[in-house]
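Only one structure is covered here, and it is reproduced in the block below.
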Amino acid sequence: HRIGDDAYQLFPEEGAAGYERLVRELWGAANAPTRVLHGWLVTDREIFRPGSSFLHRNLERGFTSLLLFAQALAKEAPGKPLHVVTLSTGMQGVGGETATLHPEKAAALGPVLVIPKELPGVTTSAIDVALPAQGGGLLGRSSDASVPAEVLDGLESELGAAPRDEIVALRGRARHVLGVQSVALAPGKHPGFKDRGVYLVTDGLAGVGLAIAQ
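Each residue of the sequence shown is one higher than the one before, counting from -9 in the working numbering.
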């Protein structure tokens, strides 16, 4: 819903309709956005609407919101160049972090990874930051004065960088990037597997998974 000359408000309970209306109005204008910052996964406390839970709130405002937004783009603004940045706290674990993690937030990485493959011209990145436990601002309601300067500096650099598909975690002055590295296995050596261990091997509709398990 438009709530001003340059402000809109989305209501999750409206589902796809709100996203389609937002995209139709914004991308139908002459100065359509070229970057979007998705900040609903930035939290410094567990808040949610009555009758819900923090877990469902994070799924609704993370995975579901990005999925509905991507579907709205495909329907209302196909082929338009766009970079979507998903900002979060407690999504990524770096160096053994576990105390402040909310694994359900990581469901948003599904749309983040798939959107560039489904929508030509759209790039995505996910940036996870660490904030003080209570009272941190950064898209919240309280003052940004309690947010460490290195967090703000790191975000400024990330948001101003050239668009690229990337998953990043900012911790202090350090910048961690998710990547894949090949590992050479010696014949007969299978690190991580245990005798009589239980493992899940996934597959589509063919027999590849069964062949790998054998």
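A virtual CB, placed ideally from N, CA and C, is assigned to each residue, including glycine.
Going by Cα to Cα distance, which pick from the options is closest to residue i?
i, options, result
"Pro68", "Asp(-4), Gly5 and Arg14", "Arg14"
"Val170", "Pro23, Glu156 and Ala176", "Glu156"
"Asp34", "Val167, Pro122, Gly85 and Val26", "Pro122"
"Gly85", "Val137, Val167 and Arg25", "Val167"
"Ala152", "Thr54, Pro71, Ile202 and Pro40", "Pro71"
"Asp(-4)", "Ala6, Glu3, Leu16 and Leu58", "Leu16"
"Arg154", "Lys107, Thr90 and Ile37", "Lys107"
"Pro40", "Glu87, Pro23, Gly178 and Glu3", "Glu3"
"Arg165", "Gln82, Thr88, Ile37 and Phe38", "Gln82"
Go ahead and pull the three-state DSSP assignment for residue i.
i, result
"Glu3", "helix"
"Asp118", "strand"
"Tyr189", "coil"
"His46", "helix"
"Ser55", "helix"
"Leu12", "helix"
"Ser78", "strand"
"Glu148", "helix"
"Gly100", "helix"
"Gly126", "Confidence is the limiting factor: at Gly126 the pLDDT is only 49, short of 50, which leaves the residue's position unreliable and the question unanswerable from this model."
"Ile157", "strand"
For residue i, which residues of its own chain have a beta-carbon under 7 Å away from its beta-carbon, when the five flanking residues on both sides are left out?
i, result
"Glu148", "Ile117 and Val158"
"Ile(-7)", "Gln(-1)"
"Gly8", "Leu0 and Phe1"
"Asn48", "Leu31, His92, Glu94 and Lys95"
"Arg161", "Val84 and Ala120"
"Glu10", "Ala62, Lys65 and Glu66"
"Lys212", "Outside the shown range of the chain, which is -9 to 204, sits residue 212, and nothing can be said about it."
"Ile202", "Val191"
"Thr90", "Gly80"
Hey, residue i and residue j are a contact pair by Cβ (cut 8 Å); roughly how many whole angstroms apart?
i, j, result
"Ala62", "Leu109", "Not confirmed; about 11 Å, so no contact."
"Asp193", "Gly199", "3 Å"
"Glu235", "Leu45", "A question about residue 235 goes unanswered here, because the residues of the chain that appear run from -9 up to 204."
"Arg51", "Leu27", "Actually they do not touch by this definition, with Cβ atoms about 14 Å apart."
"Leu77", "Gly29", "5 Å"
"Glu140", "Arg163", "5 Å"
For residue i, count the other beta carbons within 10 Å of its own beta carbon; 16 or more makes it buried, fewer makes it exposed. Which is it?
i, result
"Gly80", "buried"
"Gln204", "exposed"
"Pro101", "buried"
"Asn21", "exposed"
"His(-9)", "exposed"
"Gly144", "buried"
"Ala196", "exposed"
"Phe53", "buried"
"Leu103", "exposed"
"Ala19", "exposed"
"Ala98", "buried"
"Leu175", "exposed"
"Leu190", "exposed"
For residue i, is the beta carbon positioned less than 7 Å from some heavy atom of the ligand ADP?
i, result
"Gly18", "Here there are no bound small molecules, and the ligand ADP is not part of this structure."
If I measure Cβ to Cβ from residue i and keep anything under 8 Å in the same chain, skipping five residues before and after, which residues do I get?
i, result
"Ile105", "Leu56, Ala60, Val74, Val112 and Thr114"
"Arg131", "Note that Arg131 has pLDDT 45, beneath the 50 cutoff, so the model's placement of it is unreliable and the number below is only indicative. The answer is none, since no qualifying residue turns up."
Within a Cβ cutoff of 6 Å, which residues of the same chain sit near residue i, ignoring the five residues on either side of it in sequence?
i, result
"Leu12", "Tyr(-2)"
"Gly126", "Note that Gly126 scores 49 on pLDDT, short of 50, meaning its location in the model is unreliable; the coordinates nonetheless yield the value given after this. Same-chain partners within the cutoff: Asp34, Ser136 and Val137."
"Leu58", "Ala6 and Tyr9"
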